[in-house]
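Worksheet for the structure shown next.
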Amino acid sequence: MQIYQPHPWPLTVEEAITIQEELRHQVITQDQFTQPVQYVAGVDMGFEADGTISRAAVAVLSFPDLQVIETNLAYRPTSFPYIPGFLSFREIPAVLDALEKIQTKPDIILCDGQGIAHPRRLGIASHLGVLLNIPTIGVAKSLLIGKHEELADTKGSWQPLIHRGEIIGAVLRTRVGVKPVYVSSGHKISLSTAIDYVLRCTPKYRLPETTRVADKLASNR
DNA sequence: GCGACAG
DNA sequence: ATCTTGTCGC
Numbered sequence: 037m038q039i040y041q042p043h044p045w046p047l048t049v050e051e052a053i054t055i056q057e058e059l060r061h062q063v064i065t066q067d068q069f070t071q072p073v074q075y076v077a078g079v080d081m082g083f084e085a086d087g088t089i090s091r092a093a094v095a096v097l098s099f100p101d102l103q104v105i106e107t108n109l110a111y112r113p114t115s116f117p118y119i120p121g122f123l124s125f126r127e128i129p130a131v132l133d134a135l136e137k138i139q140t141k142p143d144i145i146l147c148d149g150q151g152i153a154h155p156r157r158l159g160i161a162s163h164l165g166v167l168l169n170i171p172t173i174g175v176a177k178s179l180l181i182g183k184h185e186e187l188a189d190t191k192g193s194w195q196p197l198i199h200r201g202e203i204i205g206a207v208l209r210t211r212v213g214v215k216p217v218y219v220s221s222g223h224k225i226s227l228s229t230a231i232d233y234v235l236r237c238t239p240k241y242r243l244p245e246t247t248r249v250a251d252k253l254a255s256n257r
């Protein structure tokens, strides 16, 4: 797919904060689909050579049947360290590389990490969504910020994730007896619609099939 | 100032 | 994320 030249990648946290403060105003947390959802994509990251090399895997699946349509891998030198709150600056460059050769443009991308459930409301899913101008969903395996009530041990049960009096996402049980995932709007999608798609992409395991396929691809080496 | 802290 | 064996349970 066509990747437009993004903003220059920062070298310092200070520069990164400036970019986040700029882009946060472009995030849309309402449904804005141009067409019916036919393809969903997942992204997974891996690192090699002591973390100096980033490896990004993308998997495009059909929706709602979740069959693998296309995959791609990309490598590039790691240019930013892992710092909580700045994950996107470490991972998005390689993700864009991996998406570049994808022929089937996904209608939604499920990201490994937060959407707006972020200190400045620009987690990796929101950041990627704004850069690509595509609907994205944040599906994180653990909490970055926010508080929530306990949730029932039933598939599909969820509780709002609250931060500074705002609902920034949802803690969602995708399977009985497993730890919940943290879902938030990335870009061009509402929280309720995001929850719906995450559940529809999670027929069997805790994590969406999209990220599972990308994960398998990235680790099968 | 003291913790918390996506992957 | 990554380093790693066995082990618990369906």
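37 is the number of the first residue of the first sequence in our numbering; add one for each residue after it.
For each residue, glycine too, the CB sits at the ideal point set by N, CA and C.
message: Please list the terminal residues of the continuous beta strand (DSSP E) segment that includes residue 94.
response: 89–98
- prompt: Below 8 Å between beta carbons: does that hold for residue 180 and residue 150?
  reply: yes
Residue nearest to residue 91 in terms of C-alpha spacing, selected from 60, 191, 114: 114
task: Identify every residue that forms a DSSP beta bridge with residue 202.
output: 199
- prompt: In terms of alpha-carbon separation, which member of 38, 57, 250 lies closest to residue 140?
  reply: The option with the nearest alpha carbon to residue 140 is 38.
query: Within this structure, are the beta carbons of residue 174 and residue 220 separated by less than 8 Å?
result: yes
query: Helix, strand or coil: which one does DSSP assign to residue 233?
result: If DSSP states are grouped into helix, strand and coil, residue 233 belongs with the helices.
- request: Could you check which residue in 116, 208, 161, 153 has the C-alpha nearest to that of residue 147?
  value: When each option's Cα is compared against that of residue 147, the closest is 161.
query: Between the stretch 124–137 and the stretch 75–86, are three or more C-beta pairs nearer than 8 Å?
result: yes
field: Residue from 170, 212, 128 with nearest C-alpha to residue 225
entry: Ranking 170, 212, 128 by Cα distance to residue 225 puts 170 first.
query: I think residue 195 touches residue 207, with their Cβ atoms under 8 Å apart; what is that distance to the nearest whole Å?
result: Between residue 195 and residue 207, the beta carbon gap of about 5 Å places them in contact (Cβ cut-off 8 Å).
- request: Would you decide whether residue 84 is buried or exposed? Buried here means 16 or more other CB atoms lie within 10 Å of its CB.
  value: exposed
field: Classification of residue 58 by the beta-carbon crowding that lies within 10 angstroms, buried from 16 upward
entry: exposed
query: Using the C-alpha atoms, what's the distance from residue 97 back to residue 107?
result: 9 Å
field: Rounded C-alpha distance that separates residue 50 from residue 93
entry: 29 Å
query: Since residue 308 and residue 167 are thought to touch, with beta carbons under 8 Å apart, how far apart are those beta carbons, to the nearest angstrom?
result: In the structure as shown, the chain begins at 37 and stops at 257. Residue 308 is therefore absent and cannot be evaluated.
query: Cβ atoms of residue 128 and residue 164: under 8 Å apart, would you say?
result: yes
- prompt: Taking the DSSP output, what are the residues bridged to residue 110?
  reply: 92
task: Tell me residue 69's beta-bridge partners as DSSP assigns them.
output: The beta-bridge partner set that DSSP reports for residue 69 is empty.
field: Outcome for residue 246 when other beta-carbon atoms lying within 10 angstroms are tallied against a minimum of 16
entry: buried
- request: Kindly identify the DSSP beta-bridge partner or partners of residue 64.
  value: Bridge partners of residue 64: none, in fact.
message: Let's test the definition: count the other Cβ atoms within 10 Å of the Cβ of residue 251 and tell me whether it reaches 16, buried, or not, exposed.
response: Buried is the call here.
task: Would you check if the distance between the CB atom of residue 236 and the CB atom of residue 46 is smaller than 8 Å?
output: no
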